[in-house]
Amino acid sequence: MPRLFADLTPLKVSPAYRRLWIGNSLSAIGTQLTLVAVSLEVFHLTGSSLAVGMLGLFALVPLVVAGLYGGAVADHVDRRKLALGSSAVLWLTTALIAAHAWLGIENVWVLYTLVAVHSGASGINQPTRGAIIPALVGTKLLPAANALNMMTFSVAMMVGPLLAGVLVAGVGYAWTYSVDVVTFLAALYAVWRLPSLPPQRDPAAEGQGQGAQQGPRRVGWRSVVEGFAFLASRPNLRMTFLADIVAMATAFPRALLPAVGAVLGAAMLGGGEAAVGILLAAMALGAFLTGLFSGPLTRIVRHGVAVYAAIMAWGLAVAGFGVVVFFAARGEAAGEDLAPYLWAGAGCLALAGCADSVSSVFRNTILQTATPDHLRGRLQGVFIVVVAGGPRVGEMLTGSAAEWITEPVTLIAGGVLCVLGVSALMRWQPGFLRYDARHPVP
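Our numbering puts the sequence shown at residues 79 to 520.
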């Protein structure tokens, strides 16, 4: 049984990683509280779904810019100091959001601005933390550490939105934001306790006389370009990004869930909103169970094959969800009980969440293991941008397609395209399927 459950070795052998994991676990739930509560408050102030959607735009642009540049900065300065500074900005913006509520300002543009600043700081903080993990646990324990991190994220995705709704209804926005302000202090403390973590020197730069005697180079967009140039010349690393883009762009179902929920929730208490909540929770539950029972993942060495299999499973699960929705729509017209369709759909999305979690664990492990330390921050920055931007592209494409071919057909077609697309990628770069964690080749 211990070999089945999550490998806790990183928590046992690295006190610094243990503190960071505990701090991140607490702060992740608080962050989800704030994100959901802000969207609820914006809708409360404006009554407009478009205004709520604008939050995504204000969050995405700073995240992309700061993620790319922040990753470059993380390759040139002490990563502990950068993580601490960006964490402090995250905490401060959360405190200002809480102050906005406590003072009763009720200005949506203030919220937009604070969300943009928070997202920009997150764009620096996330790639920096991703670059820190290998230094804390070593490359051998990276799959276990990434599985533990994924389990934390999935718990936050399950508990955070549910708790946000309860708290906003029960004690209001100000107290809900204040919970995040308090819980984030644990993450700040964990980063403050880290040792100094300067990036390793670039061997090529030192060979050209740009070593320690001349000090670190200035950070600029040229450093970002260097990261992309490295990525362009490393097929295995490049495939981790391309495979995820294919999966998210073709088969990301979230934009279709409100319409699907209206069908599946037609005969249940709470209606479509409750059905959407069940479907979203099912995806998060699948990711959580993957983290909980991630012991076998740590013994897999063919990481390329694992990524391919996981994305194939993701596409098939989404297509299966589409089939369920198709028959549910027919069942609704015939007056059938739709509860079995709802739970079948939730099961498909739980499998999709499990597959996506497995893919994320191995893609991140490949990235952290096969990237030289002096480039790790920049590649983590690209990773954050892809992870954040891919689902947004998927929402746009699937939402547009559903207007023409209906939600069930879009889901089925998207799942099939995902399977075909990732298979075409593997045929184009067959070397990715030979990637072995014992001999990482970027």
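The beta carbon of each residue, even a glycine, is placed where N, CA and C say it ideally should be.
Put residue i into one of helix, strand or coil per three-state DSSP.
i	result
Asp434	helix
Asn537	Only positions 79 to 520 of the chain appear in the structure, and residue 537 is not among them; the question remains open.
His517	coil
Arg380	coil
Lys90	helix
Ser274	coil
Asp85	coil
Pro331	coil
Arg312	coil
Gln458	helix
Gly343	coil
Leu181	coil
Gln446	helix
Thr217	helix
Thr254	helix
Thr484	coil
Pro508	helix
Can you find the residues in the same chain that come closer than 7 Å, C-beta to C-beta, to residue i, ignoring five residues on each side of it along the sequence?
i	result
Val401	Ile490
Phe366	Met229, Ser232, Val233, Met236
Thr112	Thr172, Ile175, Tyr255, Asp258
Gln278	Asp451, His452
Val464	Phe319, Asp322, Ile323
Ser105	Thr261, Phe262, Ala264, Ala265
Cys426	Ala395, Gly398, Phe399, Val402
His381	Phe440, Thr443, Ile444, Tyr513, Ala515
Pro239	Gln110, Val114
Gly492	Thr328, Ala329, Val396, Thr476
Ser197	Ala137, Pro140, Leu141
Glu184	Leu123
Report all residues from its chain with a CB closer than 8 Å to the CB of residue i; omit the five preceding and five following residues, and keep chain order.
i	result
Lys195	According to the sequence as given, residue 195 is Val; it is not Lys. Only Pro140, Val167, Thr171 meet the Cβ criterion.
Arg470	Gly134, Leu138
Phe371	Leu82, Phe83, Ala84
Gln291	Residue confidence for Gln291 is low, a pLDDT of 37 falling below 50, so the modelled location carries little weight and cannot support an answer.
Trp270	Leu162
My understanding is that residue i touches residue j, with C-beta atoms under 8 Å, so please give their C-beta distance in whole angstroms.
i	j	result
Thr328	Cys432	Not confirmed; about 19 Å, so no contact.
Leu315	Leu445	6 Å
Thr206	Leu160	5 Å
Val193	Phe136	5 Å
Thr476	Ala333	5 Å
Ala252	Trp180	5 Å
Val338	Glu481	Contact doesn't hold; Cβ gap of about 14 Å is too wide.
Ala406	Tyr419	4 Å
Leu309	Val460	7 Å
Leu272	Arg96	12 Å between Cβ atoms; not a contact.
Asn203	Ser164	4 Å
Leu511	Val383	5 Å
Spatial neighbours of residue i within its chain, please: CB distance less than 6 Å, with the 5 preceding and 5 following residues excluded, ordered by chain position.
i	result
Ala428	Ala360, Leu363, Gly364
Thr449	Leu457
Leu391	Per the sequence shown, the amino acid found at residue 391 is Ala instead of Leu. These residues qualify, in order along the chain: Ala433.
Gly101	Ala264, Ala265, Ala268
Thr376	Asp85, Pro221, Ala222
Ile389	Ala321, Ala325, Ser437, Val500
Gly208	Gln458
Leu118	Val246
Gln507	Pro313, Met317
Leu214	Ser92, Ala94, Tyr95
Gly455	Gly149, Ala152, Asp153, Pro205, Ala209
Pro276	Asp156
Leu89	Arg96
Ala129	Val120
Gly472	Met326, Ala327, Phe330
Just checking: is the beta-carbon of residue i within a distance shorter than 8 Å of some beta-carbon in chain D?
i	result
Leu123	No chain D is part of this structure, which consists of one protein chain only.
Complete runs of the alpha helix (DSSP H) confined to the region 104-159 [at least 4 residues]: 127-152
As an exercise, report each continuous alpha helix (DSSP H) stretch of at least 4 residues that is fully enclosed by the region 353-418, in chain order. 381-411
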